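Trainee:
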Amino acid sequence: MGNIQSFESNSPEDTESIAAEFAKKLKPFDFIALNGRLGAGKTKFTSGIIRLLCENGDVTAVSPTYSIMNKYSCGGGIVNHFDFYRLKSVYDLETCGFFDSLGGKNLTIAEWTDTVKIDYTKYIAGNYYSVNIKMDPDKKNKEKRYIEIEKIL
651 MGNIQSFESN
661 SPEDTESIAA
671 EFAKKLKPFD
681 FIALNGRLGA
691 GKTKFTSGII
701 RLLCENGDVT
711 AVSPTYSIMN
721 KYSCGGGIVN
731 HFDFYRLKSV
741 YDLETCGFFD
751 SLGGKNLTIA
761 EWTDTVKIDY
771 TKYIAGNYYS
781 VNIKMDPDKK
791 NKEKRYIEIE
801 KIL
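Per the working numbering, residue 651 is the first one in the sequence shown, and the count goes up by one each step.
#1: In the DSSP assignment, the beta strand (DSSP E) including Thr-758 goes from what residue to what residue?
#2: Would you identify the three-state DSSP class for Lys-792, choosing helix, strand or coil?
#3: Please tell me whether Gly-691 and Arg-795 are closer than 7 Å, where the distance is taken between their beta carbons.
#4: Along the chain, where does the alpha helix (DSSP H) that runs through Phe-695 open and close?
#5: Just how far apart, CA to CA, sit Tyr-778 and Leu-752?
#6: In the DSSP assignment, find the beta strand (DSSP E) that holds Leu-684 and state where it starts and stops.
#7: Grouping DSSP H, G and I as helix and E and B as strand, with all else coil, what is Ser-659?
#8: For the beta strand (DSSP E) containing Tyr-779, list its first residue and its last residue.
#9: Using only the alpha-carbon positions, how far apart do Lys-790 and Asn-685 sit?
#10: Taking the alpha-carbon of Thr-763 as reference, which of Lys-738, Lys-755 and Lys-784 has the nearest alpha-carbon?
#11: Just to confirm my understanding: we take Lys-721, look at its own chain, exclude 5 residues before and 5 after, and list those with CB closer than 8 Å. What are they?
#12: In terms of residues, what are the limits of the alpha helix (DSSP H) holding Tyr-741?
#13: Within 10 Å of its beta-carbon, does Ser-659 have 16 or more other beta-carbons around it, so buried, or fewer, so exposed?
#14: I'd like to know whether the C-beta atoms of Ile-768 and Phe-681 end up nearer to each other than 7 Å.
#15: Tell me the DSSP secondary structure of Tyr-722 in three-state form.
#16: Compute the distance between the beta-carbons of Pro-714 and Asp-742, then report whether it is under 7 Å.
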């Protein structure tokens, strides 16, 4: 287990900025596991990564809740953005193309990885980052988020 970096976000724009700064260290083959409650900002965090890597401030990640996966072409590589919210098994991961997405110059981002209980480290060729986004427990500021980024592998 690696160091945990902690950040405080006061707005969706802050969340994207934190993600963009984090994206500067990402490489092909890396895997980012995003977890947090519904509406915590997982897709907003993904937007920050994609905007930096695609070098296009107009690109916005769209939640893949219904499509399961969205692909973004970025500078000679692909960013695969998954949502595992409705998935429950390794078979589900196989049929949605998750394992196939881990090759090539792909960066893979997956929301709700805690819904499929497997050891993701067995499948990751690059670095594995766990990102947890928590909402303000006091609920005083509806936009405040606490973001923890840990390098697992």
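Heads up, the beta-carbon is just placed ideally off N, CA and C, and yes, glycines get one too. Given the structure is predicted, the values throughout are model-derived calculations rather than measurements.
Mentor: In brief:
#1: 756-761
#2: coil
#3: yes
#4: 692-703
#5: 12 Å
#6: 681-686
#7: strand
#8: 778-785
#9: 22 Å
#10: Lys-738
#11: Ile-728, Val-729, Asn-730 and His-731
#12: 740-745
#13: buried
#14: no
#15: strand
#16: no
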